[in-house]
Amino acid sequence: MRSKIEMIKQRMTSELSCSAHNIDHVMRVYNLCKLIADTEGNVEMDVLEPAALLHDIARVKESNDNSGETDHAVLGAEMAGEILNELAYPPDLIEKIKHCILTHRYRTNNEPKTIEAKILFDADKLDVIGSVGIARTYMLAGQFDQRIMASSSALYEKENIVDNGRIKNLSKHSPYMEYEYKFKNIPDKLYTQKGKQMGKERLTFMDSFFLRLKEEVNGTL
Ligand SMILES: [Fe+2]
Ligand SMILES: [Fe+2]
Numbered sequence: 521m522r523s524k525i526e527m528i529k530q531r532m533t534s535e536l537s538c539s540a541h542n543i544d545h546v547m548r549v550y551n552l553c554k555l556i557a558d559t560e561g562n563v564e565m566d567v568l569e570p571a572a573l574l575h576d577i578a579r580v581k582e583s584n585d586n587s588g589e590t591d592h593a594v595l596g597a598e599m600a601g602e603i604l605n606e607l608a609y610p611p612d613l614i615e616k617i618k619h620c621i622l623t624h625r626y627r628t629n630n631e632p633k634t635i636e637a638k639i640l641f642d643a644d645k646l647d648v649i650g651s652v653g654i655a656r657t658y659m660l661a662g663q664f665d666q667r668i669m670a671s672s673s674a675l676y677e678k679e680n681i682v683d684n685g686r687i688k689n690l691s692k693h694s695p696y697m698e699y700e701y702k703f704k705n706i707p708d709k710l711y712t713q714k715g716k717q718m719g720k721e722r723l724t725f726m727d728s729f730f731l732r733l734k735e736e737v738n739g740t741l
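Letter by letter, the sequence shown follows residues 521 to 741 of our numbering.
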């Protein structure tokens, strides 16, 4: 199985090579999955490791689809199935891995049912909070010409968001809005005990960062 994992890493790297930060994210999620798995009993690592490596395999394809109709969790599960088939994975393992990938998305209606899917979900969400979360959200802020600090619930809810949660105008969005409307809710949505504990700790750090940022921006600190 080790050599197959290396082959999966290569496939993932070639698919995501046009956006290097996606590969970094995948490897952080992969490592977090292993950390959380160590605290849970009866985790099938032959399911979790490939699922972690392949979970965002369709991310670039979703980004390149201007129609907004591609869901990288749905397409990713299909692409992963084909890759694993080529690598002669047993069909029952492929189905379990596909379930993890299909259910990893924050806004999906597909709930993770297995421990492997729950671990992947938690690891993926942990990577958007804490110091990594702050760094990632400011990388995007630079890309989309956002302000360092902008918060307006009326703007966010009425002008800037469409029904399925997709941001319409990314230049009017901001890291602080992401924090207020998304990051704060993440720890409550996690499944595993370790994930919840890490989520709360990461959010506490984020709380102090944004509190201080607000004060500095307002000139009160
Ligand atoms: Fe994803
Ligand atoms: Fe991800």
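Where a beta carbon is used, it is the ideal one built from N, C-alpha and C, also for glycine.
Check	Outcome
Please identify the residue among 695, 644, 640, 649 whose C-alpha is closest to the C-alpha of residue 661.	695
For residue 718, which residues from the same chain have a beta carbon less than 6 Å from its beta carbon, with the 5 sequence-adjacent residues on both sides left out?	646
Please look up how many angstroms separate the CB atoms of residue 569 and residue 635, rounded, as I've assumed it's under 8 Å.	Going by Cβ atoms, the distance from residue 569 to residue 635 rounds to 14 Å, so no, they are not a contact pair.
In terms of residue numbering, what span does the alpha helix (DSSP H) encompassing residue 620 cover?	611-622
Assess, as a yes-or-no matter, whether the stretch 636-656 is touched by the stretch 548-562 under the definition of 3 or more beta carbon pairs within less than 8 Å.	yes
Report all residues from its chain with a CB closer than 6 Å to the CB of residue 589; omit the five preceding and five following residues, and keep chain order.	none
Among all residues, which have a Cβ less than 7 Å from at least one non-hydrogen atom of ligand 1, and in what chain order do they fall?	575, 576, 579, 592, 593, 624, 625, 644
Put residue 654 into one of helix, strand or coil per three-state DSSP.	helix
May I ask you to check if the CB of residue 755 is nearer than 7 Å to at least one heavy atom of ligand 2?	Shown here, the chain extends from 521 to 741; a query on residue 755 therefore has no answer.
Name the residue from 702, 578, 713 whose alpha carbon lies nearest to the alpha carbon of residue 537.	578
Measuring only the C-alpha atoms, how far is residue 631 from residue 616?	14 Å
If you run the structure through DSSP and keep just helix, strand and coil, what is residue 687?	strand
From residue 708 to residue 592, what does the alpha carbon distance come to, in whole angstroms?	24 Å
Could you give the DSSP three-state label for residue 664: helix, strand or coil?	coil
Quick one: Cα of residue 656 to Cα of residue 611, how far?	36 Å
Verify whether the separation of the beta carbon atoms of residue 556 and residue 714 is less than 8 Å.	yes
On the CB-based measure, 16 or more other CB atoms within 10 Å of its CB, does residue 740 come out buried or exposed?	exposed
How would you call residue 561, buried or exposed, if buried means at least 16 neighbouring beta carbons within 10 angstroms?	exposed
So is residue 638 buried or exposed if we call it buried at 16+ other beta carbons inside 10 Å?	buried
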